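Enquirer: Just so we're aligned, residue 773 is where the sequence shown starts under the working numbering, counting upward by one. Even glycine gets a Cβ: it sits at the ideal position worked out from N, Cα and C. All figures in this text were calculated on a predicted structure; none of them were measured in a lab. A single structure is presented below for examination.
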Amino acid sequence: MPTPFPHPPYAEDQPLAHLILTTHVLHRGFQLGAGIGYLAGITRSFLKPACSSSPPPPPPPPLLPLPPTAIGAVVGMSLSGLALPVAMWGKTLVEWQDRSWRLLESEGQGLVDSWSLGGMVLGVAVGVWGLGIGKVVVRGLSVLVGGAGIGCLGGLVGLVAWRGVYRL
């Protein structure tokens, strides 16, 4: 996978080890939090009409999963950012270098990164295009972060589907 980070032949020579591992952990935390937030938002939209005695509301708007996805993504990224120093407390530079080198060496991890980042960009672009620039300004970050979160998940689903077809 093409990466902006240098990747030497030996783990002990890996520069930017802290940056590489931190970027990876924050990205995975964003993705996990977005998945949990998206599932919570969709579940809430289906359970809410069943719990009330009023007539069923119209179908939910397409923006409904964006705020919980955005909240989940930010919370997931924040918690993973807090967990990284705890997990790596007392580790030497060589251990950081080894873990970051292994991330860059893994072909599967490179594919996950590429597809999920592409999905994030596409998710933000679709959110901005679908709403129009003026409404994005009004809605603020929930559209951008929620769109990035749903796009990140969509990229992962796309990768799984592509790998399934590719292996046939």
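Nearest CA to the CA of Tyr-810: which residue from Leu-793, Val-929 and Pro-840?
Expert: Checking every option, the nearest Cα to that of Tyr-810 belongs to Pro-840.
Enquirer: Would you call Val-929 buried or exposed, if buried means 16 or more other Cβ atoms sit within 10 Å of its Cβ?
Expert: Under this definition Val-929 is an exposed residue.
Enquirer: If the criterion is Cβ atoms closer than 8 Å, does the pair Val-937 and Ala-920 meet it?
Expert: Against a cut-off of 8 Å, the Cβ pair of Ala-920 and Val-937 comes out as no contact.
Enquirer: In this structure, does DSSP put Pro-781 in helix, strand or coil?
Expert: Correct three-state label for Pro-781: coil.
Enquirer: Taking the alpha helix (DSSP H) that Leu-942 falls in, what are its first and last residues?
Expert: Since the displayed the chain opens at 773 and closes at 940, residue 942 lies outside it and no answer follows.
Enquirer: At what residues does the alpha helix (DSSP H) containing Met-849 begin and finish?
Expert: Note, Met-849: alpha helix (DSSP H), 838 to 859.
Enquirer: Taking buried to mean at least 16 other C-beta atoms within 10 Å of its own C-beta, is Ala-789 buried or exposed?
Expert: So Ala-789 counts as buried.
Enquirer: Quick check on Leu-788: does DSSP put it in helix, strand or coil?
Expert: Three-state result, Leu-788: coil.
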